[in-house]
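*Asks:* Numbered as in my numbering, the sequence shown ends at 304 without a single skipped number. Don't be surprised by glycine CBs; every beta carbon is placed ideally from N, CA and C. Quick caveat, the model's predicted, so the values are computed rather than measured. Can you read through this structure? Questions will come right after.
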Amino acid sequence: MKIKVSAPGKLMLLGEHAVVYGYPCLVTAVDKRLYVQAEIINNKEDEIIAPQVKESRFVLESIAQFKAKFGLEKSVRIITKGDFSHRVGLGSSSAVTVATFKALSLLFKLPLTLREIFDLSYKVNLSIQGVGSGFDLATATYGRTIFFVTGGKIIEPLKINPLPLVVGYSGIKADTPFYIRKVAEAFKRRKEDLNQIFNEITKLVYQAKKAILKSEFKLLGELMTKNHQWLKKLGVSVPKLDKMVMAALEGGAYGAKLSGAGGGDCMIALVDQKNRRKVESAIKKIGGEIIKTKTNAKGVKLEI
Ligand code: PMV
């Protein structure tokens with residue numbers, strides 16, 4: 001028997017970096033998915049074919065944790081496919097981790113709740129990367145748009161309409177652990193300063209949560225742009241991302257910001273649908289690549 005499961009990628013809307021320090025963030029699941037096919041095999045070793053993900057370690061570690069939890073000895077073959085590669089920073093490692101747990105639980109008929117999938121995935125993530133808030137795993141697990149606090153202290157899916165987002169890929173692969181460490185170094189030296197930045201970002205996150213729930217996109221856009229300014233102060237933006245954000249704003253976006261750790265990957269802009277084309281071409285003109293995607297995607301699910 002083969003089981004096929006998929007989990008969505010993610011985009012951070014507001015609150016990155018602050019969320020590593022116990023503050024909240026807002027994140028949305030996108031309709032670019034990662035697929036995991038699992039089957040039991042008779043070999044001594046597990047077999048992993050995972051070209052989309054940066055490291056098959058995430059799959060290997062997930063299998064190991066699952067087997068340890070349930071005392072299993074059988075071997076499995078895991079094959080992954082994806083609508084996106086790890087290059088763009090949409091969270092392929094998180095999606096593959098979550099999808100592997102779901103696939104194994106269905107394959108062995110050993111039920112796991114969404115909370116259990118998140119907790120197991122977070123353990124895998126910490127054991128491999130040592131850092132991270134887990135926001136990406138919550139998104140891959142629960143889908144939709146989520147208000148999230150560090151380590152899953154709060155995982156609150158919001159009932160909202162899809163967001164009119166434009167996503168621009170910078171062409172630069174971001175090194176998330178590097179930027180998390182960079183902020184951690186700064187935190188050691190300028191703790192008060194950084195706590196103040198995180199507090200300001202947190203105010204924006206709470207205002208943005210209200211704005212999202214009321215579909216007040218103009219306000220939400222303004223809050224996103226302010227969040228970008230704080231991220232610049234934090235030292236995680238790079239000229240290419242700043243230029244793309246400026247281009248989007250000049251093209252008429254309600255607001256724009258980098259999304260994720262910084263240093264590269266994607267920026268996002270919130271638009272009035274009638275301005276979408278203009279904003280997209282402004283981003284393309286300065287070398288950004290538009291990634292067509294919808295927000296509020298479904299969380300981890302069985303594929304038939
Ligand atoms: O680079 P991304 O898209 O994985 O986002 C990282 C966001 C951080 O807040 C910097 C880290 C985290 O785990 O929350």
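1. Select from Glu185, Ser215, Ile283 and Lys214 the residue whose C-alpha is nearest the C-alpha of Gly235.
2. Quick one: measure Cβ to Cβ for Val59 and Ile48, integer angstroms, because I've assumed they're closer than 8 Å.
3. Are there any heavy atoms of the ligand PMV lying less than 7 Å away from the beta-carbon of Thr176, as far as the coordinates show?
4. Is the beta carbon of Phe148 less than 8 Å from the beta carbon of Val36?
5. Might you give, ordered along the chain, the residues of its own chain that have their beta carbon closer than 7 Å to the beta carbon of Asp175, omitting 5 neighbours on each side?
6. To the nearest angstrom, how far is it from the Cα of Lys10 to the Cα of Asp136?
7. Locate the alpha helix (DSSP H) running through Ile128, then write down its first and last residues.
8. Out of Val300, Ala138 and Glu303, which one is the CA nearest neighbour of Gly151?
9. Roughly how many angstroms lie between the CA atoms of Ser281 and Val96, to the nearest whole one?
10. By DSSP, does Tyr254 sit in helix, in strand, or in coil?
11. If distances are taken between C-alpha atoms only, which option among Asn227, Asp242, Gly299 and Asp265 comes closest to Glu16?
12. Taking one C-beta from the segment 237-256 and one from the segment 265-277 each time, how about it: are there three or more such pairs within less than 8 Å?
13. Compare the Cα-Cα distances from Asp242 to each of Phe217, Gly168 and Val88 and report the closest residue.
14. May I ask you to check if the CB of Phe198 is nearer than 7 Å to at least one heavy atom of the ligand PMV?
15. Quick one: what does DSSP say Glu192 is sitting in, helix, strand or coil?
16. Out of Lys4, Ser85 and Phe187, state which residue places its alpha-carbon closest to the alpha-carbon of Glu55.
17. Spell out a yes or no on whether the segment 139-146 and the segment 288-297 are touching, meaning 3 or more CB-CB pairs, one atom from each, closer than 8 Å.
18. Quick check on the burial criterion: 16 or more other C-beta atoms within 10 angstroms. Buried or exposed for Glu289?
19. Would you report the Cα separation of Ala247 and Gly89, rounded to the nearest angstrom?
20. Closest to Leu333 by C-alpha separation, out of Met224, Ile128, Lys232 and Gly132, would be which residue?
21. Can you tell me where the alpha helix (DSSP H) holding Asp175 begins and where it ends?
22. Should Arg190 be labelled buried (16 or more other beta-carbon atoms within 10 Å of its own) or exposed?
23. By Cβ distance below 7 Å, which residues in the same chain neighbour Lys284 in space, the five residues on each side in sequence not counted?
24. Restricting to runs no shorter than 4 residues, where is the alpha helix (DSSP H) found entirely within the segment 133-177?
25. So, helix, strand or coil for Gly82, using DSSP?
*Replies:* Let me lay it out:
1. Taking the sequence shown and counting its residues from 1, the one referred to as residue 235 is at position 235. Measuring from the Cα of Gly235, the nearest candidate turns out to be Glu185.
2. Stepping through the sequence shown from its first residue, residue 59 is reached at position 59. Stepping through the sequence shown from its first residue, residue 48 is reached at position 48. At roughly 5 Å, the Cβ-Cβ gap stays under 8 Å, so Val59 and Ile48 are in contact.
3. Here residue 176 refers to the residue found at position 176 of the sequence shown. Flag set: Cβ of Thr176 near the ligand PMV.
4. Your numbering for residue 148 matches position 148 in the sequence shown. Your numbering for residue 36 matches position 36 in the sequence shown. No, Cβ-Cβ distance for Phe148 and Val36 is not below 8 Å.
5. If you number the sequence shown from 1, residue 175 lands on position 175. Counting only Cβ-Cβ distances below 7 Å, and skipping sequence neighbours, we find Gly263.
6. Taking the sequence shown and counting its residues from 1, one reaches residue 10 at position 10. Taking the sequence shown and counting its residues from 1, one reaches residue 136 at position 136. C-alpha separation (whole angstroms): 6 Å.
7. Sequence index remark: in the sequence shown, residue 128 carries index 128 (1-based). Residues Leu114 to Gln129.
8. The sequence position of residue 151 within the sequence shown is 151, counting from 1. Closest by alpha carbon: Ala138.
9. Counting from one through the sequence shown, the residue named residue 281 turns up at place 281. Counting from one through the sequence shown, the residue named residue 96 turns up at place 96. Whole-angstrom Cα-Cα distance: 32 Å.
10. Position 254 of the sequence shown, counting from 1, holds the residue named residue 254. Residue state, collapsed to three classes: coil.
11. On the sequence shown, position 16 is the one that residue 16 refers to. For the residues Asn227, Asp242, Gly299 and Asp265, the minimum Cα distance to Glu16 belongs to Asn227.
12. yes
13. Along the sequence shown, read from residue 1 onward, the residue named residue 242 stands at position 242. If we check each option's Cα against that of Asp242, Gly168 comes out closest.
14. Here residue 198 corresponds to residue number 198 of the sequence shown, with the count starting at 1. Every heavy atom of the ligand PMV is 7 Å or more from the Cβ of Phe198, so no.
15. As a first step, residue 192 must be located in the sequence shown, where it is residue number 192. Helix, per DSSP.
16. The residue labelled residue 55 in the question sits at position 55 within the sequence shown. Residue Ser85 is the option with its Cα nearest to Glu55.
17. yes
18. Numbered from 1 along the sequence shown, position 289 holds the residue referred to as residue 289. Result: exposed.
19. Working through the sequence shown from its first residue, we reach residue 247 at position 247. Working through the sequence shown from its first residue, we reach residue 89 at position 89. Cα to Cα, the separation comes out at about 21 Å.
20. There is no way to answer for residue 333, as the model of the chain reaches only from 1 to 304.
21. Against the sequence shown, residue 175 aligns to sequence position 175. Where Asp175 is concerned, there is no enclosing alpha helix (DSSP H), given that its DSSP letter is neither H nor E.
22. Mapped onto the sequence shown, residue 190 falls at position 190. Looking at its Cβ environment, which holds fewer than 16 other Cβ atoms inside 10 Å, Arg190 is exposed.
23. Numbered from its first residue, the sequence shown carries residue 284 at position 284. So the list reads Ile290, once near-sequence residues are dropped.
24. 135-142
25. For the purposes of this step, residue 82 is identified with residue 82 of the sequence shown, where counting begins at 1. Three-state result, Gly82: strand.
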